[in-house]
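Residue numbers (the working numbering): 2 to 572.
Taking it in order: structure first as structure tokens, then the write-up.
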């Protein structure tokens with residue numbers, strides 16, 4: 002749909018072309034009907050050049066040879082055709098046909114007096130009037146298409162980056178919730194176990210037992226509140242099902258963003274966990290086997306979390322049961338195992354210790370991200386076992402790569418990942434994720450690959466065309482001047498020739514034959530004598546009337562000069 006400004010501009014341009022064509026028809030001594038028809042036809046072709054670019058180009062290419070008023074429209078029609086004809090093959094075919102038709106019509110029209118300068122002009126004129134504007138229009142169209150593509154690509158990249166950043170923030174919040182559950186929950190369980198043990202101590206007085214009960218209730222309430230907070234954080238950032246089951250780019254980024262304080266709690270801190278559990282009266286054994294090997298920070302921290310979660314679950318669900326913690330160093334991985342027997346006593350009097358319900362799920366995800374695995378389940382004697390296998394080396398330096406087809410972010414090229422877009426940046430909520438203005442960088446990269454070839458090709462075509470035009474003008478001007486001089490004689494030569502002289506004698510003094518410069522001189526000339534063959538030449542002297550051209554005509558018959566005339570024709 003055209004805008005009002007486009008309608009006004011096209012209307013004015015059509016009127017201008019129509020008036021120009023009508024004016025040229027009037028200068029050609031055309032009648033009123035011919036002038037009006039020429040103006041209306043050219044205006045209509047100007048309006049149709051956008052709707053029917055190929056047809057208008059072919060019509061104007063042929064018509065411009067027959068009527069010079071169409072010559073200005075050929076340039077604009079070629080520009081429009083270059084911009085609007087779809088497909089390279091169709092565009093090349095249309096312009097080649099227009100060139101051949103224009104050249105063919107020019108040659109056919111000039112056949113009676115065809116010469117080398119006229120042929121050169123006929124070859125170069127459609128090249129300048131049709132091919133060069135078409136190439137320029139084609140380049141302009143491709144430039145606009147490339148610019149629009151760049152804008153669409155940048156908008157898509159911004160959407161994808163925002164989506165990936167949202168996933169990274171969601172994973173970070175989920176990680177924080179998991180750490181709250183693992184760390185704070187473990188401490189609250191220990192408080193609850195301590196309080197429960199004191200509450201049943203017979204040596205306490207009633208007031209002391211009441212105070213311990215208040216402490217016990219406070220720890221249980223804190224566990225309730227912690228569970229609600231963790232659940233809210235997880236629910237508000239819940240990823241799609243595929244993202245929960247398969248680690249994507251954002252999940253790997255979030256796991257890799259563990260803070261240094263958390264990572265310091267690794268295998269070396271397991272003895273502290275065991276000691277804390279023993280201090281509340283739990284029977285905990287710690288076993289080591291194999292040659293210790295260094296672990297990646299994420300695997301080291303995962304080992305600490307597995308032991309912490311196993312001890313927490315044993316204190317909550319099997320109070321009084323013996324607990325065994327084992328660290329077994331295998332050739333390629335560390336096996337961490339926490340096993341407890343069946344519960345031997347109850348400390349909560351039926352009130353139950355609150356469970357967040359997220360610990361085992363978080364451990365499974367944590368170990369999966371570092372290339373390991375976790376397992377939890379009951380044992381044959383009624384106890385419970387939690388184990389994890391942690392490799393000594395994580396894939397790609399601790400950041401697992403998502404499997405092809407499992408990446409949950411759509412429309413992201415595998416080579417254009419979140420890590421490459423923001424190298425070295427932290428993935429917490431305060432870190433910048435997206436570049437502020439990627440359109441400039443994208444435009445540079447795309448223009449180097451896609452735009453440079455177009456620009457170089459069009460530039461070379463324009464340069465070659467200009468060189469050809471300059472050469473044609475030089476050669477054509479040289480031949481034109483020579484032909485013009487050959488077709489001129491001085492008035493004294495005309496005066497020395499007498500009627501009745503032999504034709505052969507006179508022709509030795511005059512140019513040998515008619516030139517294209519003298520074409521059209523017979524239009525306003527006096528009638529030619531019957532049976533005579535005439536030679537018309539121009540004068541070296543100018544007429545007093547600038548619109549007229551002096552002409553000398555010599556007519557021969559039967560080998561003699563039968564008539565010579567001097568007259569003027571319209572210049």
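The beta carbon of each residue, even a glycine, is placed where N, CA and C say it ideally should be.
These figures come from a predicted structure and were not determined experimentally.
Taking C-beta atoms as the reference points, residue 553 and residue 527 fail to come closer than 8 Å. By the neighbour-count definition (other C-beta atoms within 10 Å, threshold 16), residue 288 is an exposed residue. Taken through DSSP and simplified to helix, strand or coil, residue 71 comes out as helix.
With contacts defined by Cβ atoms closer than 8 Å, residue 185 and residue 227 form a contacting pair. CA-to-CA, the gap between residue 266 and residue 272 works out to about 11 Å.
Close CB contacts of residue 319 within its chain, under the 6 Å cut and outside five residues either way in sequence, are with 341, 344 (chain order). Of all C-beta pairs linking the segment 173-185 to the segment 117-132, fewer than three are shorter than 8 Å, placing the two stretches out of contact.
Judged by DSSP secondary structure, residue 527 falls outside any beta strand (DSSP E); it is assigned neither H nor E. Residue 65 and residue 89 have their C-alpha atoms spaced approximately 25 Å apart. Excluding the 5 residues flanking it on each side, residue 384 has same chain C-beta neighbours closer than 8 Å at 319, 322, 340, 341, 342, 343, in chain order.
Under the DSSP definition of a beta bridge, residue 378 partners with 386. Cα atoms of residue 106 and residue 63: separation of roughly 7 Å, rounded to the nearest angstrom. Going by beta carbons, residue 489 and residue 562 fall outside the 8 Å limit.
Boundaries of the alpha helix (DSSP H) harbouring residue 164: 133-180, taken from the DSSP string. With respect to residue 316, residue 191 sits close: the two C-beta atoms are nearer than 8 Å. Contact between residue 394 and residue 297 is confirmed by a C-beta separation of about 7 Å, below the 8 Å threshold.
Residue pairing by DSSP places residue 546 opposite no residue, since no beta bridge is assigned to it.
Collapsing the DSSP output to three states places residue 52 in coil.
Apart from sequence neighbours up to five positions away, the residues of its chain that approach residue 42 with a beta-carbon distance below 8 Å are 22, ordered along the chain. Looking at the DSSP output, residue 61 sits in no beta bridge, so it has no partner there. Membership of residue 367 in the alpha helix (DSSP H) is indicated by the continuous run 360-370.
A contact is defined here as three or more CB-CB pairs under 8 Å, and the segment 137-145 meets this definition with respect to the segment 73-87. Between the C-alpha atoms of residue 308 and residue 160 there is a straight-line separation of about 41 Å.
Relative to the Cα of residue 310, the nearest Cα in the group 181, 556, 221, 121 belongs to 181.
Burial state of residue 61 is buried, judged by a 10 Å Cβ sphere holding 16 or more other Cβ atoms. Secondary structure at residue 499: coil, using DSSP grouped into helix, strand and coil. CA-to-CA, the gap between residue 545 and residue 119 works out to about 30 Å.
If you ignore the 5 residues before and after residue 40, its C-beta comes within less than 7 Å of the C-beta of 19, 20, 22, 23, all in its own chain and listed in chain order. Residue 73 counts as buried, since no fewer than 16 other beta carbons sit within 10 angstroms of its beta carbon. Contact annotation: residue 123 and residue 101 have beta-carbon atoms that are not nearer than 8 Å.
By the 16-neighbour rule on beta-carbons within 10 angstroms, residue 168 is buried. In the DSSP annotation of this structure, the continuous segment of the beta strand (DSSP E) that includes residue 562 starts and ends at 561-571. Within the DSSP secondary-structure output, residue 327 pairs in a beta bridge with 288, 338. Around residue 281, the same chain offers 191, 194, 195, 198, 316 as residues with beta carbons nearer than 8 Å, after the five sequence neighbours per side are excluded. Judged by DSSP secondary structure, residue 193 falls within the alpha helix (DSSP H) whose first and last residues are 186-200.
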